[in-house]
Every structure is written in structure tokens, then in C-alpha cells.
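K.L.:
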Amino acid sequence: MKFFGMLLLFSALAVAQPQPSHPPLSQRVVHYQIDAKYDAKAKTLDAAEVLTYKNLTGQPLSSFPFHLYLNAFEPKATWIREAHRQAGQGGRAGLDEWDAKDYGAIDIKKFEVAGQGDLTSQLKFISPDDGNPDDKTVVEVQLPKPIAPGQSVEFHIQFHDKFPQVVARTGHYGDFILGGQWFPKVGVWWHGAWNCHQFHADTEFFADFGVFDVKLTLPKAEVVGATGMQTASAENSDGTKTVTFHAEDVHDFAWTADPYYKVFEDTFQGSGQPVHIRVLMQPANAAQGPREIAIVKNTMQRFDQWYGTYPYPQITVVDPAALQAGGMEYPMFITAGTTWWAPDSLLLPEGVTEHEFGHQYWYGIVATNEFEEAWLDEGINSYTEVKVLESLYGEYRSVVNGKHVTFGDREEQRFGYSQTATFDPMTRKAWQFAGDASYGGVTYGKTASVLLTLESLIGEDTMQHAVRTWFQRYKFTHPTGTDFLKTIEEVSGKDLSWYFNQAVTGTAVLDYEISDAAYWPSDWYEAKRDEKNATYHSEVTVHRKGNFIFPCEIEVRFDDGSMVREHWDGQDRWHRFTYDKKAKLVSAEVDPDHKVWLDVDFFNNSKLAERGDGRARRKLSNYWLTFSELLSQMLGWIS
Ligand SMILES: [Zn+2]
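When you number the sequence shown by our numbering, it's gap-free, plus one each residue, and the end is 646.
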């Protein structure tokens, strides 16, 4: 593998990389200024946050909900309850071993509103999703004076974080810390109401775009990475340093610190400004640094070419000390999932980093509602993951690319779905799925398979154009599933409601089989006289086993080498094709080009033909007749 990057030892010197100034890319609803001090021993943080919120809703606002995500890691929180259910279903494990020091929480010490005074005592926890009185992941404040349309309001919040031992998305492990979902974050005014859900074990995030100015004070020895660009770093007299970050047109801010990171850097040049790539590796995995750089650059090249320009000046890739912190996305910041032993033929590290980078486009920039429509982020991202990995490694070798063993990403996506096909539609709200397996199988695997199957209906190029249009038209907005489906119909010029109604909003299962494939002489007496030149009657029956109606192709082969392609609209439960020709049927296969990735069972798609006139059976029955006649004669003789 080519060595792309350059290993740099971390320097505590100030690095000033001002962002090129450009007009805002998003409606900047929020501006967060946070001054935070991290205690690396206690794994706690104290901060002062100033949030300036611009009321662009067109109406006066008198109440504001805030996410307090870290409270998900309190013992009786909804998140923990759901995570225990997942553990019982064979999912997330380890929580039963937690004791008091491992839990996490965020505590608001003071909550003031400029011009309206100290409202700390007015804060009220609400549980809009499940009514759990012990869930403190959403807090609401009523303002004495409403904020008029077009006006801004300034919240001054002092808070204290206790980070959990990392189990998912945020927390500490040894000297490593991933600071995700760590500050009070305002909800989104969306379609005429506040959208601010509790934190669930299977939900991710939704927030407004804006500007972040964050100061992190932490021990001097820490190597730090974060959303945005580092604009300053200054050492303090008490053995700490204060690192300053600035980010524009993002909707979240995450950071990480670990004194042992090895830093790899490179630059990607696509259709926009140069993008600085910063990879922070655990020392034990440092040999994999160039591999991370390579997959980031290759992925960025495909996204740039296929969907559009990456609009930020930097991307930070973090190799976390604990796998539980891996495979996570934040704006301009992703966590990977590598290990020192990953052989070159096992493309799992590439798969994770490609996937998390893809989120920059769907979660980060298009920014759909991950609580309510998770498929728009995870699913579209799983589809583009298949496309990118296949273009880099080949169709059936994008997960395992061995000499003797290969396995492709599209097979992995379809397999995940086929195990959980009947529980939930793609449009289910993320926390309402039957379980973790169904959430994963449907949100990721089914959506990817639905979009791969869609390629067979509208063409691969049209599909790429539709996804590009989705990105270009809706970047920095918060579009919905309806917007996505309409975009595909518009770009393809086709009414696809029949497909979307079954695939997206329904749970119908697609499964076609060849239930019968047989032949016998058209004229039995003729065949008896001259078997070689006889005409044979062949029949192929294709059966729609599932409720999902989908047009299909059937390939029929004969022993003279001839082949016929049939088309069936799939409307009835079954259909029979018949042939009379001077050749015997050899085999029949439904979906011979393997285009219908939603078919949950590929094993019943083909069948070898049998001689179907009962000749073999008659032969056997003749023996039986002879034998039974003999037997009865013998019995008659005895009696
Ligand atoms: Zn994902």
C-alpha cells in the first residue's frame, strides 16, 4: 500500500489555521460559545455556554426545549432501560457490570436568559416520547417574555458533565475521552413545532445549523481533535492548555483527547478548497494510519465526483481506545474502527471509515431527522457505502477480499435485512422498532437493498443523479423522506409509488421462486419411435411466495444450448411458461442478473429441470404391480 501521509509528532505550539471567509452555507439559527475545563482524572467537565438563538420560525417563541444527552447514562434513564432490552436480545452488553463511577450525567448549575434573569428554578424535565419520569434527557424552560419573530435570544448556561465509561457515542476509557453530546443543545423548530426527543438507545441526533466557538482547557500533554478548525492553543501556568476551535455551518460539536495519539496528516484536493485530513491513531494501531488516510481520500474522491463538494476545510478521523467509541459520526469529525491485526484482505476498517465519512454528507450536511427518519441517514449512507466500496474493491469482494474467500458489502446489507424482514417498515421512528436487530436490519440493510433494487427499475446512472440531486438541492436544510422519494421520481421521470408503498412504508416481503421446472415428450408415441428427434413439452412455474409484487425476469435454458428470457409482471401468485420444441428444458432462474436485492431468499430462485411425465414413477409402480401380483398369487397358493 502506498504511504500517503506523514507521521507527525504532536506539538503543543499554537496552530492557527483561519478558515477562508465565505458567505454562510446554512441558515445559522444558533451560535454556541462554550468555555470548558476538562478534568482528565475525574472525567468531568465544567463549562459556561452562551447560546445565541435566532428566531426564524415566523412566530413568537415562549418555550425552549434543550437536549441533555449525557443524562441518558443515569441508571433509570430511558436509554439505559432500552440498552438492557437490547442486551437481552443479544445486542449491546456490559451495562450490567457498571457501578456508580461508570454512569454519566449533565447537571445545569445556572440557567439565565439575557434580559429575563435567572430561570434555573423554572427548568422542567419532560419525557415527550415515553413519559418516563426518571428520564432527564430533555429539559424545558418557559420564558416570561416571548421572543418575537426575527429577534435573537441569549441563553447563559453553566453546566457540569460527568462522562460515562464509553458504551456508545461518548465517554471515557483509560486516558481516552470522546466528548460527544456533552453540552445543553436546543431543539429544532420543525414543521410548526419543537422537535426535541429524548435520547434512546437506537436514536441519533437532530439539531440546527450554526457557528461554534469552543475553548477547551485540559492537561498540556493531551492530543486534541475536534469539530471545526483549531484557531489557537495557549499554555497555562497550572500545567494545562487552552485550545480554541471555530466551526461554521455545522449542527454539533464533538472533541476527543488522549495523550498517546499519533497524528497523521494529508490533504485532499477535490472540486472545492483543499481539505486538511487529520488522523489520530492509537499507538498500537499506528501502522494502520496510512490505510486510514488512503480510504478517507478515496471516499472523498468518490463523494466529490458523484454527489458534490465537501464544504468544510477539514476532516478529523479518530481511532478510539475503545471499540464502543468507534464507528461514530459528528460534523467534520468521525471515529473509526481499526485494530492493529486487521489484515489487508479484511476490509472492515475501510468499511467503517467509508461509512462514517459518508455521514458527513447525509447526517452532517443534508441533516435529516435521525430520531424520526433514521433510514434517510443510515440507509442512504449504507447504499452509498456499497457503491463506494464496490467501485474501490469490486462487487463481491468489498468486505472480505481474500484469495479464496470473498464477501461483498451488498450481500452483507441484504443479509442483515433478510433476518428481520417482517417486523418494521423503514419509516418507523427509530426508538419504536421491535428491537435492535430490526432497527439495524431495516434502517441500514433494507434501505440499502431497496435503493440497490431501485437501480434495476430506473438505471444506475439515473439513481446516482437522483442521489446527487438530493444532496445538492437539500444540503443545509432538514428535508424529509417525502422530499427524498419525490426527488427520485422527478429525476427518473417515473411514478414509483407502487414500489415505495411496498418497500418504504410497508413490510411486505419479496420472495420469488421457481416452484416447478419439468419437461416430457409432446407426443409420447412419437418419442417412443424416435427419441432423438422428438418434440418436448416444457413447463416453468414461477411463484410469488411473498406479498411484495415486483416485475421479474426469468431465464429458461434448453439442452440444445438455446435460452429464452421471459418477463412477468408478478401480479398473480404464480405464472406458468410453456414451450414445445425439439429440446428438453435444462433449468429456469428468476432474476438471473441478480438485480432484485430485496429478494429475501436467493436459494429458491433457480431450479434444474426434471422429467415431469411420471415415467420414472411409472417404472417403479410397474415393479410394485409385478411384485404385489406375485405376492397375492403366493398368498393365494398358501391359503
Ligand atoms: Zn452510520
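All C-beta atoms in this analysis are idealised placements derived from N, C-alpha and C, irrespective of residue type, glycine included. On a predicted model such as this, the values are computed, not experimentally measured, just so you know.
1) Per the DSSP calculation, Leu-353 is bridged to which residue(s)?
2) Please list the terminal residues of the continuous beta strand (DSSP E) segment that includes Lys-116.
3) Can you grab the Cα-Cα spacing for the pair Glu-419 / Arg-564, in whole Å?
4) If I'm right that His-74 touches Gly-194 with Cβ under 8 Å, what's the distance once you round it to whole angstroms?
5) In whole angstroms, give me the CA-to-CA distance for Ala-239 and Asp-598.
6) Kindly examine ligand 1 and report whether one of its heavy atoms sits closer than 7 Å to the Cβ of Asn-376.
7) Does the count of Cβ pairs from the region 490-499 and the region 584-592 closer than 8 Å reach three?
8) With Ala-616 and Ala-534 assumed to form a contact (beta carbons below 8 Å), what rounded beta-carbon distance in angstroms separates them?
9) Taking the straight line between their C-alpha atoms, what separation do you get for Asn-78 and Thr-64?
10) So for Lys-588, helix, strand or coil by DSSP?
11) Express the C-alpha separation of Arg-176 and Ala-291 in angstroms, rounding to a whole number.
12) Under the criterion of a Cβ to heavy atom distance below 7 Å, does His-207 qualify as lining ligand 1?
13) Would you please state the rounded distance, in angstroms, between the beta carbons of Pro-135 and His-204? I believe it to be under 8 Å.
14) Please confirm if the region 147-155 is in contact with the region 123-132, defined as three or more CB-CB distances below 8 Å between the two stretches.
15) So, is Lys-410 buried or exposed, given that buried needs 16 or more other C-beta atoms within 10 angstroms?
16) Hey, out of Pro-153, Ile-164, Trp-86 and Asp-579, whose CA is closest to Glu-119's CA?
17) Keeping to the same chain, check which residues put their C-beta closer than 8 Å to that of Lys-9; ignore five residues upstream and five downstream.
18) Quick check on this structure: which residue in Ala-293, Asn-139, Val-603 and Gly-279 has the alpha carbon closest to the alpha carbon of Leu-459?
19) So, helix, strand or coil for Pro-290, using DSSP?
20) The beta strand (DSSP E) spanning Val-195 covers which residue range?
21) In terms of residue numbering, what span does the beta strand (DSSP E) encompassing Trp-43 cover?
22) Around the Cβ of Gly-217, are there at least 16 other Cβ atoms within 10 angstroms (buried) or fewer (exposed)?
23) Any heavy atom of ligand 1 within a distance shorter than 7 Å of the CB on Glu-361?
24) Could you check if Ser-18 is buried or exposed, using at least 16 other CB atoms within 10 Å of its CB as the buried criterion?
25) With DSSP collapsed to three states, give me the class of Pro-655.
26) Under the rule that 16 or more other beta-carbon atoms within 10 Å means buried, what is Trp-438, buried or exposed?
27) Can you look up Gly-186 in the DSSP assignment and give me helix, strand or coil?
28) Quick one: is the Cβ of His-6 within less than 7 Å of any heavy atom of ligand 1?
29) Cβ atoms of Gly-415 and Ser-425: under 8 Å apart, would you say?
30) Any idea what DSSP makes of Pro-151, helix, strand or coil?
31) Can you tell which of Phe-71, Asp-220 and Val-37 has the C-alpha that lies nearest to the C-alpha of Thr-59?
32) Take the Cβ of Asn-3 as the centre, count every other Cβ of all protein chains shown within 10 Å, and call the residue buried at 16 or more, exposed below.
33) Start and end of the alpha helix (DSSP H) containing Thr-454?
34) Alpha carbons only, please: which of Ala-200, Val-230, Arg-435 and Ala-444 is nearest the one belonging to Asn-62?
35) Rounded to whole angstroms, what is the Cα-Cα separation between Gly-442 and Leu-503?
36) Whose C-alpha, out of Val-324, Ala-261, Gln-312 and Lys-248, is nearest the C-alpha of His-283?
P.N.:
Per the coordinate set shown:
1) Val-407
2) 112-120
3) 30 Å
4) About 7 Å; that satisfies the 8 Å criterion.
5) Those two C-alpha atoms are separated by around 59 Å.
6) no
7) no
8) Rounded, the Cβ-Cβ distance is 16 Å, inconsistent with contact.
9) 28 Å
10) strand
11) Cα-Cα distance, rounded: 22 Å.
12) no
13) 7 Å
14) yes
15) exposed
16) Of the candidates Pro-153, Ile-164, Trp-86 and Asp-579, the one whose C-alpha sits nearest the C-alpha of Glu-119 is Ile-164.
17) Note that Lys-9 scores a pLDDT of 27, beneath 50, so its modelled location is shaky; the value from the coordinates is reported in the next line. Hits under 8 Å: Pro-297 and Ala-301.
18) Val-603
19) helix
20) 195-197
21) Note that residue 43 is Ala in the sequence shown here, rather than Trp. Taken as a continuous stretch (DSSP letters only), the beta strand (DSSP E) holding Ala-43 covers 37-46.
22) buried
23) Not so, every heavy atom of ligand 1 lies at least 7 Å from the Cβ.
24) Residue confidence is low: Ser-18 scores 34 on pLDDT, short of 50, so the model does not pin down where it sits. No coordinate-derived value is stated.
25) In the structure as shown, the chain begins at 8 and stops at 646. Residue 655 is therefore absent and cannot be evaluated.
26) buried
27) In the structure shown, Gly-186 sits in a strand (DSSP, three-state: E or B).
28) With the chain covering only 8 through 646, there is no way to say anything about residue 6.
29) no
30) Under the three-state reduction of DSSP output, Pro-151 falls in the strand class.
31) Val-37
32) As displayed, the chain neither begins before 8 nor continues past 646, which places residue 3 out of reach and without an answer.
33) 454-465
34) Of Ala-200, Val-230, Arg-435 and Ala-444, the residue nearest in Cα terms is Ala-200.
35) 29 Å
36) Val-324
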